[in-house]
Every structure is written in C-alpha cells, then in structure tokens.
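Trainee: Sequential numbering of the sequence shown, starting at 1, is according to the working numbering. Idealized CB from N, CA, C, for every residue including glycine. As the structure is a prediction and not an experimental result, all values here were calculated from the model. Once you've had a glance at the structure underneath, I'll fire off some questions.
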Amino acid sequence: MPIFSASQLIDVGTKIFLAAGAPLEEARLVSEFLVKANLAGHDSHGIIRVIQYVNDIEKGIIKPGANIEIVNETPSTAILNGNWGFGQVVAKRAMDLAIEKAKGNAISVVCVYNCNHIGRLADYAVMASENDMIGVVMANSTKIVAPFGGRERMLSTGPICFAFPSYLEFPLVIDIATSVVAEGKVRVALHKGEKIPLGWIIDKDGNPSSNPKDLYDGGAILPLGGDEHGHKGFGLGLAIEILSGILTGAGCAYEETKRGNGVFIEVINVERFMPVEEFKRRVGDLVKVIKGSKTRPGFKEILIPGEPEYLTEKVRLRDGIYVPEKTWEEIVNLAKKLGLSQIP
C-alpha cells in the first residue's frame, strides 16, 4: 500500500513534468495543485492526473511554457487566451489578475479560453478569500449531461465555486457540479464492476440505468436534481454554459470541436462594501448558528461546505496520502519511460 507525504508526491510530479518538457516553475506549480486535491480527498483530481497530462503533452494538447495573452482588458475586466498551456498555470494567472483588478475596482471579472483542464475550482476561489475577497469560479468542458427532459448530451457537468473570507479555521468554500454526479464517480464504478444508483445516468434511449457502462455507450448524466427536480440543475448548468462558454469565447459543450475548460472568474472586494472584520465576523456567526442547530436522525453534526476537505487534509498531512497500487505502478512506469531512474 503506497503511502506518501504531500512533499514526496509534489517532488514526483515535478520530476515527471520536467522530464516531459515543462519549465521548472510550471512543473512544480501544477504538481502542487494536484497534490492539494489529494490532501482534500479529491483523488480524481490529484496525482493520478500526471499520467493524463504527460499523455496530453506528448499529443500536443498541453503546451508547457505557453504564452498567456491578455487579448482584451479594462480596469476591471480581462479576457485571457491560455494558448493551451497547463490549465492550472493559466487559471492561477487569471485569478491573480482578477484579485489585482478587484483591489482598485471593487469587482472584477476575468474570462479565459484556450485553456486545458484546471483541476479543482476551489483552489482558485480560495486565493480570493485569502485576500479578504469573495471568489467565484465556474467552468465548462465537453458535453456529458442531458438537459432536463432530454436524452442527448448537451451540457458539461458545469462546476461552480464560491469562497468567502471568514475567521473560521477552515476555508468556507462551496464547490459543486451542476450535474447529479461527477463523471469520475461513474468511471470508478465501471472500473470496479459495480452498479450505480438509479437517478445518476440515463442510457442512449433515455431510460434510467444502474449500469455505468451505459454512460459510455451513448448515455448521459442527469442534471442536479435528477428526474424530479432536474430543472434546477439544468438551469444552473445553462447559466454556467453561457458565462464560461459563450462570454469567455471558449465555446459551448455541445460543439464537436470543444475541448479543455472555458473559465469565468469574478472577484468581489469586501472592503468596498463593508468593513472586512465585520463581514468575517458575521459569516462566522452565521456558521455558528447553523452548526448549533438540531440534526436529523442519523447525523452526528452539520458540516459546513469546505469543512470535510479541511478535516481530510488534517488526517492526510498526519498519516500520508494513499495512492492505489495500480495508479502508482502506472506513475513509476511513466517515470521510467521518461528516463527517470528513481522517484520516491
């Protein structure tokens, strides 16, 4: 059972990306973002992505060292062309720019196109909250979600994230997909040979299915809310598609040429609306009241968005990060293929 510290996995990723042709600064930054996902318990966006990213580099999909261009700019807005660099590098640059603009303009919006997979949205939104600002990030990708009442793939899973500054010991961050389930969970069930709950997907004919294979045989994931209340998730997904697909210039999920992420970032400078200390205190009061409310049968406590990831990170920083045998074997073989004789 391979177990590693966060620093060990960051070093592994850095060495592999360097060997694949990435500049040192980018190799380390991307590795740090991936391992952040592992620490938070979202292993599907963690060190396992090294394999996919190197494959994408070899295919010319990811272009390490790409020049990130500002193609349109005002004091409070910008549109960035990522030129197909690492998604994490491009998205961090976009959030840095949004934060800087919000300092002088109260609210900023930065849009990104020609951008590869950016990973967990929370990592970028939290950059804003750490600067006493509210961060909003959303993204689209390729089609895999059916509209409410439809059976064809039209939308992406449409993640959206909010991060708020507070005095809480954990980042208050809401990071959700607008589909009923993430595609990765269906893929995990497929690899394990397990059934999935009815209400996650439909087959190519539009019928509910518990067989994960049906998703990859022309089926689709349902919008958040499922069969009964999916109009809500569909509406949110449509809004995200418009903001991160159309407004950014990145293209919509339904388009056959669509790849990567269109990214929409908004930053709100709290101090332009009220004293930061008061805002953070009132957020804390709100959370305290909610956590102190009565629980339903079967629940021990009420966890606030961002709290489960914080608790998982504490455990993994102490005990290490488990990497499945098969995943680690693939990483080791990739390292050897790139001429690396030794990795942790």
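Apply the 10 Å Cβ neighbour rule to MET138 and answer buried if 16 or more other Cβ atoms are within range, or exposed otherwise.
Mentor: Counting every other CB atom within 10 Å of its CB across the protein chains shown gives MET138 a total of 16 or more, marking it as buried.
Trainee: Please go through the same chain and pick out, in chain order, the residues whose beta-carbon is closer than 8 Å to the beta-carbon of TRP84, but skip the five residues on each side of it.
Mentor: ILE61, ILE62, LYS63, ALA66, ASN114, CYS115, ASN116, GLY260
Trainee: Exposed or buried, which one is ASP43 when buried takes at least 16 other CB atoms within 10 Å?
Mentor: buried
Trainee: My output table needs one value for ASP175: the three-state DSSP class, helix, strand or coil.
Mentor: Correct three-state label for ASP175: strand.
Trainee: Excluding the five sequence neighbours on either side, which residues of its own chain have a C-beta within less than 6 Å of the C-beta of CYS161, listed in chain order?
Mentor: Counting only Cβ-Cβ distances below 6 Å, and skipping sequence neighbours, we find LEU121, ALA122, ALA125, VAL137, ASP175.
Trainee: Roughly how far, in whole angstroms, is the beta-carbon of ILE144 from the beta-carbon of GLU183, given that I think they are within contact range, below 8 Å?
Mentor: 6 Å
Trainee: Going by Cα to Cα distance, which pick from ASN105, LEU80, LYS103 is closest to CYS111?
Mentor: LEU80
Trainee: What does the alpha-carbon distance come out to for the pair GLY119 and ASP56?
Mentor: 15 Å
Trainee: Within 10 angstroms of its Cβ, does SER129 collect 16 or more other Cβ (buried), or is it exposed?
Mentor: buried
Trainee: Look at PRO171 and TYR310 and say whether their C-beta atoms are less than 9 Å apart.
Mentor: For PRO171 and TYR310, yes; Cβs fall inside 9 Å.
Trainee: Which first and last residues belong to the beta strand (DSSP E) in which VAL112 is found?
Mentor: 107 to 115
Trainee: With which residues is PHE273 paired in a DSSP beta bridge?
Mentor: According to DSSP, PHE273 bridges with nothing at all.
Trainee: Report, in whole angstroms, the separation of the C-beta atoms of GLY245 and GLY233, which I expect to be a contact under 8 Å.
Mentor: Going by Cβ atoms, the distance from GLY245 to GLY233 rounds to 17 Å, so no, they are not a contact pair.
Trainee: Per DSSP, which residues does LEU80 bridge with? Please list them.
Mentor: Here LEU80 is bridged, per DSSP, to ILE70, VAL112.
Trainee: What's the C-alpha gap between LEU198 and PHE4?
Mentor: 36 Å
Trainee: With the cut-off set at 9 Å, would you say LYS195 and ASN207 are in Cβ contact?
Mentor: no
Trainee: Beta carbon of LEU39, beta carbon of VAL323: below 9 Å?
Mentor: No, they are not a contact pair.
Trainee: How about ASN105 and PRO75: are their beta carbons less than 9 Å apart?
Mentor: For the 9 Å CB-CB criterion, ASN105 and PRO75 form a contact.
Trainee: Cutting at 8 Å between CB atoms, please list the residues of its own chain near GLU69, excluding the five before and the five after it.
Mentor: LEU80, ASN81, ASN83
Trainee: What number of angstroms, rounded off, separates the C-alpha of ASP217 from the C-alpha of ASP132?
Mentor: Going from the Cα of ASP217 to the Cα of ASP132 covers about 46 Å.
Trainee: Can you round the beta-carbon distance between LEU155 and ALA253 to whole angstroms, since I take them to be within the 8 Å contact cut?
Mentor: Confirmed, about 5 Å.
Trainee: Per DSSP, MET138 forms a beta bridge with which residues?
Mentor: Beta-bridge pairing links MET138 to ILE160, PHE264.
Trainee: Our contact map puts SER108 next to LYS280 with C-beta atoms below 8 Å; I'd like the distance itself, whole angstroms only.
Mentor: Contact doesn't hold; Cβ gap of about 20 Å is too wide.
Trainee: In angstroms, rounded to a whole number, what distance separates the CA positions of GLU256 and ARG153?
Mentor: 11 Å
Trainee: If you drop the 5 nearest sequence neighbours on each side, which residues of the same chain put their C-beta closer than 8 Å to that of GLY251?
Mentor: So the qualifying residues of the chain are TYR113, GLY245, THR257, LYS258, GLY262.
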